[in-house]
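Visitor: Each residue of the sequence shown is one higher than the last, beginning at 1 in UniProt numbering. Where is the CB? At the ideal position from N, CA and C, for every residue including glycine. I have a structure I would like to understand better, so I am pasting it below and will then ask my questions one at a time.
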Amino acid sequence: MKYTSIRSLGEYWCKGNNTCFQDFVQGNRGLGYFMNQEGLDAVPSPLDEDPEGEKFFYGGYTTRRYGSRYGGKIDAIQLELPIGVRYKWNGDDALKNAFAKAIVQFYQTNYDV
1 MKYTSIRSLG EYWCKGNNTC FQDFVQGNRG LGYFMNQEGL DAVPSPLDED
51 PEGEKFFYGG YTTRRYGSRY GGKIDAIQLE LPIGVRYKWN GDDALKNAFA
101 KAIVQFYQTN YDV
């Protein structure tokens with residue numbers, strides 16, 4: 001849990017328990033789970049837990065700088081979209097709505113709002 005940009009979320013719910021926290025990354029409380037529920041592929045998610053034996057991407061500058069990895073309270077998640085999704089993005093409202101719905105579900109499930 002110490003190398004994640006959603007560390008604050010994990011500490012709030014799991015109090016440092018890595019087994020509990022894994023549910024927020026690869027399980028039914030993770031953004032990938034909610035993306036799967038909308039018919040979208042996602043790594044990590046319950047359907048695809050890791051990037052085929054490769055290391056997880058730590059994220060770009062904004063995720064590292066402003067996420068909660070180093071103890072801040074604001075979490076950050078970076079999405080990397082395959083080229084096929086990027087090409088479809090502008091003309092596909094259903095795709096955009098699916099992404100939006102997944103993000104809202106993740107937020108409403110995991111943050112006290």
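1) For the region 41-49 against the region 14-31, are there 3 or more C-beta pairs whose distance is under 8 Å?
2) In whole angstroms, what separates the C-alpha of Tyr3 from that of Gln108?
3) Decide if Tyr70 is buried, meaning its Cβ has at least 16 other Cβ atoms within 10 Å, or exposed.
4) Return the first residue and the last residue of the alpha helix (DSSP H) that Gln22 is part of.
5) Whose CA, out of Cys14, Tyr33, Thr19, lies closest to the CA of Phe99?
6) So, Ala102 versus Gln37, is the Cβ gap smaller than 8 Å?
7) Please check the pair Ser8 and Asp75, which I expect to be a contact at CB under 8 Å, by giving their CB distance rounded to whole angstroms.
8) Could you name the residues that DSSP lists as bridge partners for Ser45?
9) Measure from the C-beta of Ile77 to each C-beta in chain B and report whether the shortest distance is under 8 Å.
10) What does the Cβ neighbour count give for Gly67, buried or exposed, with the cut at 16 atoms within 10 Å?
11) Quick one: what's got a C-beta closer than 8 Å to Leu81's C-beta in the same chain, skipping five residues either side?
12) Between Thr19 and Lys96, what straight-line distance do the alpha-carbon atoms span, to the nearest angstrom?
Guide: Inspection of the coordinates gives the following:
1) Using a C-beta cut-off of 8 Å, the region 41-49 makes contact with the region 14-31, since at least three inter-stretch Cβ pairs fall below that distance.
2) If you take the alpha carbons of Tyr3 and Gln108, they lie about 24 Å apart.
3) With fewer than 16 other CB atoms across the displayed protein chains lying within 10 angstroms of its CB, Tyr70 is exposed.
4) For Gln22, the enclosing alpha helix (DSSP H) starts and ends at 18-25.
5) That would be Tyr33, whose Cα lies nearest to the Cα of Phe99.
6) Contact flag set, yes.
7) Rounded to whole angstroms, the Cβ separation of Ser8 and Asp75 is 5 Å, and the two are in contact under 8 Å.
8) Under DSSP, Ser45 forms a beta bridge with Asp48.
9) Protein chain content of the structure displayed is limited to a single chain, and chain B is not contained in it.
10) So Gly67 counts as buried.
11) Non-local beta-carbon contacts of Leu81 in its own chain, meaning distances under 8 Å to residues more than five positions away in sequence, involve Trp89 in chain order.
12) Our two residues, Thr19 and Lys96, have alpha carbons roughly 32 Å apart in a direct line.
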